[in-house]
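Read through the structure below, which is laid out as structure tokens, and then see the notes.
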Amino acid sequence: MTEKNKNFYITTTLPYVNADPHVGFAMEFVRADVIARWKKSQGYNVFFNTGTDEHGQKLFTAAEKEGVDVQDYVDGYAEKFRGLKDLLGITQDVHFIRTTDENHIKAAQTFWRLCNQNGYIYKKTYQAKYCVGCELEKTDSELDDDGECPIHKGRPIELIDEENYFFKWSAFQKPLLAFYEENPNFVIPDFRFNEIKAFVERGLEDFSISRLKSKMSWGIPVPDDEDQVMYVWFDALVNYISTLGWPTESEFKDFWIYGTPTQYCGKDNLRQQSAMWQSMLMAAGISNSHKIIVDGFITGDGGIKMSKSIGNVINPYDVVSGYGTDALRFFLLKEVSSFEDSPFTMDRFKASYNANLANGLGNLTSRLLNMTVSYGVSFDHITFEPLANDEIEKAYNEFDIAKVMNIVWAEINGLDKFIQETEPFKTIKTNEVKAHSDLKYAILRLSHIATTLAPLLPETSEKIISLIKENKKPEQPLFLRKE
RNA sequence: AGCGGAAUGGAGCAGUUGGUCAGCUCGCUUGGCUCAUAACCAAGAGGCCGCAGGUUCGAGUCCUGUUUCCGCAACCA
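Taken in order, the first sequence gives residues 7 to 489; the numbers are from my numbering.
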């Protein structure tokens with residue numbers, strides 16, 4: 007495997023900053039954080055990347071509408087997204103790349119030049135479909151079956167010739183399929199891998215990678231062509247290596263080439279990450295990603311989409327302000343399926359919070375430490391080892407974090423059961439030695455639980471560990487029960 | 001049209017290679033306990049695993065057909 011090399015690179019996708027952070031990205035961010043922290047605990051040097059995608063017409067017009075400078079506009083959003091780090095309890099050393107960063111812009115241009123030199127970029131006339139009614143360009147999927155704009159039926163769609171640069175994606179069908187063949191676990195879960203394989207097998211069309219500057223000015227200039235700016239793909243996707251200082255910094259070599267680069271993304275990003283980006287890397291002569299982990303979507307009750315009009319949108323800020331960071335992390339990690347779509351409603355959240363955090367972990371910590379303190383049980387020399395359970399490592403290696411959580415919670419239940427069965431609160435009156443030894447054993451088990459929770463619920467883990475170290479009962483409940 | 005996913009007790013889900021697979025969590029009922037955040041433990045009720053065929057000694061688990069729901073359907077991050 008990768009025993010020799012102790013470098014590990016993990017990244018999220020970059021959210022587009024045209025709206026406030028939503029819970030779906032929060033989940034991706036938290037999960038990547040868990041993997042980053044876990045790898046670190048396994049002795050790896052970890053480079054953990056996230057950031058913001060800040061170019062494109064949408065942002066330009068949004069800024070114009072508000073009458074502010076575009077750069078100021080995206081600066082504000084970048085700060086907002088950066089704030090997620092604290093909100094979600096993300097490890098402090100996460101790297102945050104912005105596609106408006108100077109080094110990213112340079113890297114994107116270098117990347118473009120490389121692909122161009124290697125013969126994978128060409129210019130061709132592209133016929134844009136323009137609806138006069140909307141005064142907007144339309145994509146095929148925005149038009150109805152008759153090829154008309156659904157809002158302006160009957161009005162002809164104008165075809166506008168426009169010269170754009172294209173990426174020769176079609177050249178990568180075979181290399182991609184060969185790459186998939188050689189890397190049978192490239193995309194997790196396997197059903198997503200099947201999906202992208204089937205897609206590539208059907209054939210690839212070259213895609214446009216630039217826009218006329220006169221129409222879309224807010225973007226990275228195409229090298230050696232003043233009239234064009236890069237379209238999203240050759241801009242945003244390059245962040246995964248520009249964040250490592252590619253092409254100059256040695257961090258790139260350490261973490262991209264030797265760090266088994268692992269990418270988290272939502273299922274809507276499957277194609278971009280596992281096929282387009284991989285082809286671009288091949289075109290530039292750069293080694294491929296190591297693994298793509300694909301999340302499902304968070305939905306409303308009954309599996310329906312979250313939307314403002316239905317009013318079932320979950321705002322991560324509200325959840326954290328009401329219940330705390332680790333409570334949100336807990337739900338995203340344990341109750342939201344690792345790979346399938348899952349519902350997130352406040353009712354479900356509250357039920358799970360009360361059952362597992364207040365009544366479960368929180369109460370367990372209270373009852374145990376309350377006994378050890380009042381019975382004068384002492385326990386030195388606890389080394390804080392994680393649970394000895396091979397299933398945990400296996401689940402982590404499969405990125406099945408929900409499974410890890412289930413194993414930990416089974417252990418919490420088991421410890422509650424142990425207390426009930428040995429009844430130290432009774433034996434303390436009849437057999438003090440036994441009561442003490444049972445409680446010592448129970449505290450040891452709690453220390454394993456707390457240590458295992460470190461990558462998952464870092465704040466809670468730390469709290470429990472220091473309570474054990476100080477042999478103190480919690481002054482405040484770890485998780486207050488909510489009605 | 002096509003592609004992918006889902007369909008398991010009231011709800012949300014596990015069930016990798018077919019034979020303790022009918023299970024987990026929440027909820028519900030009853031009993032126990034009292035150290036603890038009215039928390040904890042135990043027992044119980046509740047499902048013919050979407051539907052119809054097929055393969056097999058044996059199928060949620062494989063094959064075929066079918067119904068319903070969700071996503072994708074390419075330049076939309």
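Ideal Cβ placement from N, Cα and C applies to all residues, glycine included.
Since this is a predicted model, take the numbers as computed values, not measurements.
Environment of residue i [buried if 16+ CB atoms lie within 10 Å]
| i | result |
| --- | --- |
| Val439 | exposed |
| His387 | exposed |
| Met7 | Summary for Met7: the model assigns pLDDT 43, below 50, so the residue's position carries little reliability, and this model does not support an answer. |
| Glu489 | exposed |
| Leu210 | buried |
| Thr389 | exposed |
| Tyr15 | buried |
| Glu70 | exposed |
| His101 | exposed |
| Pro162 | exposed |
| Gly291 | exposed |
| Asp26 | exposed |
| Arg104 | buried |
| Asn13 | buried |
| Pro392 | buried |
Span separating the alpha-carbon of residue i from that of residue j
| i | j | result |
| --- | --- | --- |
| Ser348 | Leu374 | 34 Å |
| Pro430 | Phe424 | 10 Å |
| Lys446 | Pro483 | 22 Å |
| Phe355 | Phe337 | 7 Å |
| Asp332 | Ala460 | 11 Å |
| Asn412 | Asn362 | 11 Å |
| Ala38 | Lys409 | 16 Å |
| Leu463 | Phe197 | 29 Å |
| Phe66 | Ser176 | 31 Å |
| Asn419 | Ser372 | 14 Å |
| Ser344 | His454 | 24 Å |
| Ser491 | Glu346 | There is simply no residue 491 to check, as the chain begins at 7 and stops at 489 in what is shown. |
Local conformation of residue i per DSSP, three classes
| i | result |
| --- | --- |
| Gly57 | strand |
| Ser214 | strand |
| Lys203 | helix |
| Tyr132 | strand |
| Lys432 | helix |
| Lys297 | strand |
| Gln234 | strand |
| Leu165 | strand |
| Gln278 | helix |
| Gln269 | strand |
| Tyr381 | helix |
| Asn245 | helix |
| Val40 | helix |
| Phe303 | coil |
| Tyr323 | helix |
| His387 | coil |
| Phe192 | coil |
| Phe485 | coil |
| Thr105 | coil |
| Asn318 | coil |
Own chain residues within Cβ distance below 8 Å of residue i, not counting five before or after
| i | result |
| --- | --- |
| Asn318 | Gly306, Asp307, Ile310, Met312 and Thr351 |
| Glu232 | Lys219 |
| Leu183 | Lys203, Val206 and Glu207 |
| Phe172 | Ile127, Tyr128, Lys129, Lys130, Tyr132, Asp212, Phe213, Ser214 and Ile215 |
| Val238 | Asp59, His61 and Gly62 |
| Glu9 | Legend: pLDDT at Glu9 = 47, less than 50; position of this residue unreliable, value from coordinates given subsequently. None. |
| Pro322 | Pro27, His28, Val29, Ala32, Leu90, Leu93, Leu94 and Leu334 |
Cβ shell of residue i (< 7 Å), same chain only, five flanking positions each side left out
| i | result |
| --- | --- |
| Gly30 | Gly272, Phe303 and Ile304 |
| Gln123 | none |
| Ala42 | Ile16, Val52, Phe54 and Thr97 |
Residue i Cβ short of 6 Å to the ligand HEM heavy atom set
| i | result |
| --- | --- |
| Lys91 | Ligands in the displayed structure: none, and consequently the ligand HEM is not present. |
Residues near residue i by beta carbon distance below 6 Å, same chain, minus five either side
| i | result |
| --- | --- |
| His442 | Val383 |
| Arg119 | Pro229 |
| Pro267 | Tyr15, Ser295 and His296 |
With a floor of 3 residues, list each beta strand (DSSP E) that falls wholly inside the stretch 329-355, ordered by position along the chain. Runs found: none.
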